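In our numbering, the protein residues as written are 5 to 178.
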C-alpha cells in the first residue's frame, strides 16, 4: 500500500505483487478544507483583536476566542490524523499489505523561499504527525511501515517503471 502525501489530500495506491494497481483512494480532503476554514476564522479574529479600539488586547473577547479556536484546530487535526492512520492500517490489513510512505524531510520552508500561498498550502497536512501516527498504529494492527526515498515517486509508473514528468497531470497519475 503506497501512501503519497500531497498538499490537499493523501493518495493511496494498493498494488499486487505483480505491480498491478488494485485500488486508488484519495483521503484527508476534509482536513484540508477544515484547515482553510480555521485559517480564515483565525485571520478575522486576529483583525478584531488588533483593532485599535480595544485597550486591553490580551483579555479581549477576540483574543480569548482566538486562543480557544487554536486549541480546537489542533485537536481536530490531531484526532483526524489518528483516524486516518487507523483507516490506512485497516486497509493495509484487509489487503494483507505493508505500508510504504515517503521519507519526506525539510518541507517547512522559510519566509522568502516560497510564496506565502505555497507555504500555507504545504502546511495544511501535517506530514510528520501522519508518519508518527502510522508508526504507532501499524504495529498494533500487525502492519509494517516502510519509508521509501521520495525521489521521483510521483513520476514513476508502478507497472512498468517508466519515469517522466508527463506521467503526472496535476493530481492525476496517468
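Quick reminder that beta carbons are idealized off the backbone N, C-alpha and C, glycines included. For clarity, every value in this text was computed on a predicted model and none was experimentally measured.
Any idea if residue 82 is buried or exposed, counting beta-carbon neighbours within 10 angstroms, 16 or more meaning buried? exposed
Unbroken stretches of the beta strand (DSSP E), 3 residues or longer, contained in the stretch 95-139: 103-106
Proximity below 9 Å, CB of residue 147 to CB of residue 96: yes
Whole angstroms are fine: how far does the CA of residue 94 sit from the CA of residue 54? 46 Å
So for residue 156, helix, strand or coil by DSSP? coil
Around the Cβ of residue 27, are there at least 16 other Cβ atoms within 10 angstroms (buried) or fewer (exposed)? exposed
Look at the Cβ atom of residue 32, then the Cβ atom of residue 17, and state whether they are nearer than 9 Å. no
Quick check: what's the CA-CA separation for residue 99 versus residue 21? 11 Å
Per-residue DSSP class, three states only, for residue 74: helix
Could you tell me whether the Cβ atoms of residue 42 and residue 91 are closer together than 9 Å? no
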